[in-house]
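Residue numbers (the UniProt record's numbering): 1 to 1098.
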């Protein structure tokens, strides 16, 4: 072992003996630099005050040593500031010393950079000095990388010092091919800095003539150069620099800082536009946020230079909206860049859909600035597409000759044009005064669209969108309404080949559905306009209904909804009632028939009725009529009655599986494929749709019918014996919709039911017998239930339901935990279940758990404004949005009176329900789902427990609750968001209940690595809060250290060898505190004593 004096002597000796910079292996230099950094972390500055001077002198040894010095300074900044791998005291000492010497360090780095760049420029043109030039270039790259490690966190004054010398050098280096990438990265970090706006004002020097010249020169080849990886990465960084520069400009101009619009704004916008027109779709998308900020900015949007560039941007967006550049293709210059950016066509397709939506928003902002000009562009594009022959391209539809596929040149143009026109016209109608609207031009375009004829379903779908887009102009020319309705009704019954027996493709079904939706939208938004045509519309619908095979049930429902929407304008109850009775007569007679009653009350008859007990060898007709069933279908004896063809009829569809696993839907041939390819798929689709429709109806019955629904005799008993029967046999993927809520549901059903009172008690019993599971049911029932029915309806339903759900989830999570233990065992037996099935099962349990916890939260916890508005959207995407920072993690709710709903208070008065709720909430903390853990910790657990604290809590229950929180820390403590919330919850429980329950001390004594003397001190403060007042934050920090032994670690950290670095004597000693009046003796606290000299100070 080397003593301190020897180690000091040999600290940097090893660096002098390395080989020349171009010969020494990079890993050798990396290791050497890290060794020196480890010495610095242990010795500097207390035991090595001259470290910086020694490094500076080492650079005089040669280029290799200079590069090593750059590596050392970079690794030191990474360990101390970026990764913070040191103990707090050592990190503070080193960082403060670095900060004190930062001016010298920056000057040193800039001098190294400038000297080596100058030498490189002189020698790079001399072939005899090629090796020397590469050596200087290598040092320059190292210096830039080191600067990048410091620019992110040093004071802005160092970046802008000496009239922004650093920024000027970086801009000059943008023209050096070998250094431009590193220079752009440094420039990006500098321009992206946050902080006080006043401190960021010097960054506006980049809008100066010199800087803008070099930036513009580097950006100009953006749309002409071929693809080389390094240059492409440089263009990405330069694009980010321009984006960051635009953000700084928007922020400064919108503030009180004295900043004027730059004179070179036009040059900046031209450089930025070069990236928007680059063949790379990724570069195009990178500019959209900044364009949006510019167009929305109060000052910049009105600047003449911005107004001039807006039309150029809109023209460019017309090209950018065309979906080209698939990695697998070669039909566009974008394809080559896409192969560098995306893993495949599916990846590119997902990106482009997001990019198009983002660009649509920016186009709408641009339209606010120049609405009439953009409408003119949209009209020209629409007319061009209408007059251009269809080009199906090399990839044609597989279902019929001469039809487009989604990759056909004509379709991608039509699709882009339609999206652009829709974005433009929506803003035109919204922001331009009616007197200034170009009605004649709009009607001319609409007439051209109505006259356009095509049998291609993909093109026709775009045509229908354009009809809907231009329909607002009809309000100025009502005489065109019959032509519009005629066009739409022809599309409702659209077929590629008339009277074809072949299954309809998705493209054809989309056209028909699109036409129905357009009719509904018009009737919803313009009912007064369409009211005069009601009789014509109703007659046409009745003619269509007369042919049973002409429309599907969904299409019939859509047309009925449109009629109901118009009937709301009758303003005559009797007339509307008569109309609704006539409209619903066929449905009512079928539902209330004796035959249907028998079919829907017996699972065996129902399976026979839909044909699921018959073996089929070919495609069968789609089951007609509205069919309903109940949970008894999942009984083993009824499953056994399924025929060989339909044994998997109740299984999940592939679409559902892919959605749960987060797998993208296949892009290719999506529109060409029939909706259902086999008899089994058709039956699966039928049952899936059956569930959705039934759950929508019953889930909204309470909300829509209100008193008529809740006053049904014995409603709670009927629900329990029908909708909740045989839940043990219902699989997770069918049980989950019982709890899940869909935000949108068809409105016409409820208007229909309001029109006449069919829901008698007898009808409700019949209705409940035909529902097997309940999508959007329970949660909607809870949300819409009046308070007077809480005791008679909610308590009898929710008590047994939650008790069953707790039992079921506990068993499911035990199976998952056991499976995890077996997977770590070498003696694991072979399994029949494939890995994908295990993943699917586990994800289903996770999603079901979230639904249960969400229902529990809805029952008990009151949502506040933004929290309610932002209630969960897209469960499958939330795992990427977990709070990973303590500052982001929400804290447990502490004000119970404000948090608990009236229903929650009512439910918690029931001892059995209260126990179930508490057990469910606290059990979920240790289940393997971080989202559930964080939600329950921050929203539910503490309000529930606080509500029952005033009652007779048992000691065993309290210790179990506290232990459940500690188990949650063991499971999820590695996630910062969960860690903070769980520690906060544990602190609340311990501090509040420890005086009443000494048993909590026993639980604390079992915490691994707990220090008993610290626990004694903390207990003393908890039991005697008035004696020693301690700040709340300090108490929490002490408690956090006490239970740190329970915090679980990720697998990668469990066996990590800890590195211990000893603290050195503190650099910054605290000043000796002066005595206060309270500390002086009261007998000698006169003025003479206060002003008499202290002998110790002499």
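By construction, the Cβ of each residue, glycine as well, lies at the ideal position given by its N, Cα and C atoms. Fair warning: this is a prediction, and the values are worked out from it, not measured in the lab.
Check your understanding: Hey, residue 216 and residue 267: beta-carbon distance below 8 Å or not?
Key -> Residue 267 is positioned such that its CB atom lies closer than 8 Å to that of residue 216.
Pick from 516, 780, 787 and 852: whose alpha carbon is nearest that of residue 807? Taking each of 516, 780, 787 and 852 in turn and checking the Cα distance to residue 807, the smallest one comes out for 852.
DSSP three-state call for residue 505: helix, strand or coil? strand
Quiz item: DSSP puts residue 900 in a beta bridge; with which residues?
Solution: 861
Going by beta-carbon coordinates alone, are residue 592 and residue 599 separated by less than 8 Å? no
Please report the straight-line C-alpha distance between residue 686 and residue 597, rounded to a whole angstrom.
20 Å
For the stretch 121 to 129 and the stretch 81 to 97, state whether three or more C-beta atom pairs, one from each stretch, are separated by less than 8 Å.
no
Considering only residues of the same chain and omitting the five flanking positions on each side of residue 414, which have a CB-CB separation below 7 Å?
385, 459 and 462
Which whole-angstrom value describes the C-beta separation of residue 44 and residue 112, a residue pair presumed to lie in contact below a C-beta threshold of 8 Å? That pair is no contact at about 20 Å.
Exercise. What residue does the alpha helix (DSSP H) around residue 318 start on, and which one ends it?
Worked result: Unbroken alpha helix (DSSP H) run through residue 318: 304 to 320.
Original post:
Taking the Cβ atom as the reference point for each residue, do residue 175 and residue 232 lie within a distance shorter than 8 Å?
Top reply: no
### Task
Pull up the distance between the alpha-carbon of residue 211 and that of residue 278, whole angstroms please.
Going by the C-alpha atoms only, they are around 22 Å apart.
Exercise for review: Would you decide whether residue 1009 is buried or exposed? Buried here means 16 or more other CB atoms lie within 10 Å of its CB.
Suggested key: Exposed.
| task | Alpha carbon to alpha carbon, how far is residue 118 from residue 68? Give it in angstroms, no decimals. | result | In a straight line, the C-alpha of residue 68 is about 20 Å away from that of residue 118.
| field | Rounded straight-line distance, which links the Cα of residue 37 to that of residue 47 | value | 14 Å
- By the 10 Å Cβ neighbour count, where 16 or more other Cβ atoms means buried, how is residue 711 classified, buried or exposed? Within 10 angstroms of the beta-carbon of residue 711 lie fewer than 16 other beta-carbons, which makes it exposed.
Report task. Taking residue 972 as part of the alpha helix (DSSP H), name the residues at either end of that continuous run. Result -> 955 to 972
Q) Buried or exposed: where does residue 899 fall if 16 or more other Cβ atoms within 10 Å of its Cβ makes it buried? A) buried
Exercise. Mind checking which residues open and close the alpha helix (DSSP H) that includes residue 429?
Key: 409 to 431
Any contact between the stretch 990 to 1005 and the stretch 949 to 956? By contact I mean 3 or more CB pairs, one from each, below 8 Å.
yes
Review point. DSSP three-state call for residue 84: helix, strand or coil?
Key: coil
key: residue 717 and residue 780 closer than 8 Å at C-beta   = no
Could you tell me if residue 543 is buried or exposed, where buried requires 16 or more neighbouring beta carbons within 10 angstroms of its beta carbon?
Classification for residue 543: exposed.
Inset, instruction - Please check the pair residue 450 and residue 484, which I expect to be a contact at CB under 8 Å, by giving their CB distance rounded to whole angstroms. - result: 7 Å
Grouping DSSP H, G and I as helix and E and B as strand, with all else coil, what is residue 1006? Assigned with DSSP and collapsed to three states, residue 1006 falls in coil, not helix or strand.
### Query
Cβ atoms of residue 276 and residue 313: under 8 Å apart, would you say?
yes
Quiz item: With a CB to CB cut of under 6 Å and the five nearest residues on each side skipped, what residues in its chain are close to residue 989?
Solution: 962
- [ ] Could you check how far apart the C-beta atoms of residue 482 and residue 516 are, in whole angstroms? I think they sit under 8 Å.
- [x] The pair is not a contact, with the Cβ atoms about 18 Å apart (cut-off 8 Å).
| message | Measuring alpha carbon to alpha carbon, tell me which residue in 588, 858, 342 and 941 is nearest residue 1181. | response | This structure cannot settle anything about residue 1181, because the visible part of the chain is limited to 1 through 1098.
Taking the alpha carbon of residue 330 as the point to measure from, which residue in 402, 265, 407 and 259 has its own alpha carbon closest? Residue 407 is the option with its Cα nearest to residue 330.
**Asked** With distances taken between CB atoms, is the gap from residue 170 to residue 186 smaller than 8 Å?
**Response** yes
- prompt: How about the stretch 491 to 499 and the stretch 521 to 541: do they share at least three Cβ pairs that are nearer than 8 Å?
  reply: no
- prompt: Out of curiosity, what's the CA-to-CA distance linking residue 997 and residue 923?
  reply: When rounded, the distance between both Cα atoms is 21 Å.
request  = Return the Cβ separation of residue 418 and residue 465 in integer angstroms, given the expectation that the two are a contact with Cβ distance under 8 Å.
outcome  = 5 Å
C-alpha gap between residue 309 and residue 194, whole angstroms
28 Å
message: Judging by CA-CA distance, which residue of 143, 1039 and 1006 is the nearest neighbour of residue 1019?
response: 1039
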